[in-house]
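The working numbering puts the first residue of the sequence shown at 11, with every later residue one more than the last. Glycine included, every Cβ here is placed at the ideal spot set by N, Cα and C. Single-structure report; data block below.
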Amino acid sequence: MNSETQSWIWTKGHKFPSDMGVAHGLIEEVLLAVRTQQWCEKDVFALELILEESLTNAVKHGNNSDPSKHVWFDCKLSQNTVYARIEDEGAGFAPSTLPDPREPENQMVVTGRGVLLIKHFATRVKWNDSGTVIEVEKDRGCFPPPE
């Protein structure tokens, strides 16, 4: 990941119980930060989708929405990149074993779509070996017009 070489202008670190209400509040904070930096709505939409799917996976699938389990959310914003690291206390999973939801035989399978969307919209994505940590980066794709 590129996160070590960036100059960060905004950061957010938060540990929270498995609660999608808290997760949605964190997503809104990130989106406000990128909008303040004049990211275009296409990039904001992609980032919202990446964070929504990643946090949903941590809260609902990783921690089974158990409020006694926590999610760690770390997010950083540079001028042109958002980096997020999300960790849950679940058993983990192997992303490579998920069925491809684009295949006809998997179109009615309810798992795998979120991971597919994350991979599609993120610039870079990786999981730790146990599948309990995801690191994602989204680079700015559109730039504000010159002044």
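Using C-beta distances below 7 angstroms, list every residue in its chain close to residue i, excluding the 5 sequence neighbours before and after it, in chain order.
i: C152; result: C50, K52, D53
i: E63; result: G124, L127, I128
Can the beta-carbon of residue i be found less than 8 angstroms from the beta-carbon of residue j?
i: I37; j: L87; result: no
i: T142; j: G100; result: yes
i: F131; j: A56; result: yes
i: P109; j: V120; result: no
i: V81; j: N73; result: yes
i: K22; j: V40; result: yes
i: R150; j: M11; result: no
i: V69; j: M30; result: yes
Please report the residue range of the alpha helix (DSSP H) in which residue i lies.
i: H130; result: 123-131
i: I37; result: 30-46
i: F55; result: 51-66
Strictly by DSSP, which residues pair up with residue i?
i: W18; result: The partner list for W18 (beta bridge, DSSP) is empty, contrary to what the question assumes.
i: P27; result: H80
i: V135; result: V146
Could you pull the start and end residues of the beta strand (DSSP E) that residue i belongs to?
i: T91; result: 91-98
Which same chain residues, not among the five before or five after residue i, have their C-beta less than 6 angstroms away from its C-beta?
i: A94; result: C85, V146
i: F83; result: H24, L36, I96
i: D76; result: S28
i: I144; result: S64, I96, W137
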